[in-house]
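J.: Please find one structure pasted underneath; my questions will follow.
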Amino acid sequence: MNKDEKEYFNKIYSEFHLLYEQLVSSTDKFEKYSSIMNVYFVRFENADITHMTVKKDSLLPTIDTPSKSGYKFEGWYKDAEFTLPWNLESDKVTDNLSLYAKWEINKYTVKFENTELTNLTIEYNSLITKPQDPTKTGYTFKGWYKDSTFTTEWN
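Its first residue numbered 0, the sequence shown is counted upward by one per residue in numbering that gives the first Met the number 0.
Following this line, the structure appears as structure tokens:
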């Protein structure tokens with residue numbers, strides 16, 4: 000490529016890049032013109048993942064698995080009701096798209112050691128009601144503790 004061709008190419012590329020940036024900055028415009036450019040806009044809902052543009056009929060690039068404190072990521076879905084899963088290994092982008100992150104809240108087992116009380120299963124960030132104090136002939140119940148060394152009282 001000679002100097003004139005290189006300058007022309009750079010000028011065309013710069014103009015295209017400027018147009019592209021203007022379109023991407025306005026989602027409505029981008030969605031209107033994306034099919035002309037054979038590029039589609041992919042939104043990631045319910046997760047802290049940056050939206051992206053993807054070439055028509057291509058797989059999504061590798062996406063980091065999102066995280067959310069107290070929840071397990073269950074996958075990407077094509078609908079907000081989580082009935083149509085998106086397969087990252089085989090589904091191709093054929094239009095502008097919103098993918099929805101499905102989350103399952105973490106559950107934990109609370110055990111009441113040295114008692115006849117039934118274990119409880121609770122969800123992340125939930126409170127439990129103080130159980131009835133257990134009784135044992137010849138003993139006085141001194142309280143509930145978070146640790147087996149009885150140093151951190153539960154309240």
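We put the CB at the ideal spot given by N, CA and C, even for glycine.
#1: Is it buried or exposed, F40, if we count other Cβ atoms within 10 angstroms and call 16 or more buried?
#2: From L96, Y70, T82, D56, pick the residue whose C-alpha is nearest to that of H50; which is it?
#3: Which residue comes first and which comes last in the beta strand (DSSP E) that contains E122?
#4: What whole-angstrom Cβ distance do P65 and A100 have, given they're in contact under 8 Å?
#5: Quick one: using the 10 Å Cβ neighbour count with 16 as the cut-off for buried, is V92 buried or exposed?
#6: Would you kindly report the start and end of the unbroken beta strand (DSSP E) that includes K101?
#7: I need the straight-line Cα distance from W85 to L58, nearest angstrom please.
#8: Mark Y138 as exposed unless 16 or more other C-beta atoms lie within 10 angstroms of its C-beta, in which case mark it buried.
#9: Going straight from the alpha carbon of I127 to that of Y76, what length do you get?
#10: Kindly examine the ligand NAD and report whether one of its heavy atoms sits closer than 8 Å to the Cβ of W143.
#11: Going by Cα to Cα distance, which pick from S125, K141, K110 is closest to D132?
#12: With distances taken from CA atoms, which of I48, E44, W143 is nearest T114?
T.: According to the structure shown:
#1: Mapped onto the sequence shown, residue 40 falls at position 41. Around the C-beta of F40, 16 or more other C-beta atoms lie within 10 Å, and the residue is accordingly described as buried.
#2: On the sequence shown, residue 50 is found 51 positions in, with the first residue counted as 1. Nearest C-alpha to H50: L96.
#3: Numbered from 1 along the sequence shown, position 123 holds the residue referred to as residue 122. Unbroken beta strand (DSSP E) run through E122: 119-122.
#4: On the sequence shown, position 66 is the one that residue 65 refers to. On the sequence shown, position 101 is the one that residue 100 refers to. Sure, about 6 Å apart at Cβ, within 8 Å.
#5: Position 93 of the sequence shown, counted from the start, is the residue given in the question as residue 92. Buried, since its Cβ has 16 or more Cβ neighbours within 10 Å.
#6: Counting from 1 along the sequence shown, the entry for residue 101 is found at position 102. Counting along the chain, K101 sits inside the beta strand (DSSP E) bounded by residues 96-104.
#7: As a first step, residue 85 is located in the sequence shown; it is residue number 86 there, counting from the start. As a first step, residue 58 is located in the sequence shown; it is residue number 59 there, counting from the start. Straight across, the Cα-Cα distance linking W85 with L58 is about 11 Å.
#8: Your numbering for residue 138 matches position 139 in the sequence shown. By the C-beta density criterion, Y138 is exposed, having fewer than 16 other C-beta atoms within 10 angstroms.
#9: As a position in the sequence shown, residue 127 is number 128, starting the count at 1. As a position in the sequence shown, residue 76 is number 77, starting the count at 1. Taking the Cα positions, I127 is about 33 Å away from Y76.
#10: With respect to the ligand NAD, the structure offers nothing, as it holds no ligand at all.
#11: Position 133 of the sequence shown, counting from 1, holds the residue named residue 132. Checking every option, the nearest Cα to that of D132 belongs to K141.
#12: Locating residue 114 in the sequence shown gives position 115, counting from the first residue. With distances taken between Cα atoms, T114 lies closest to W143.
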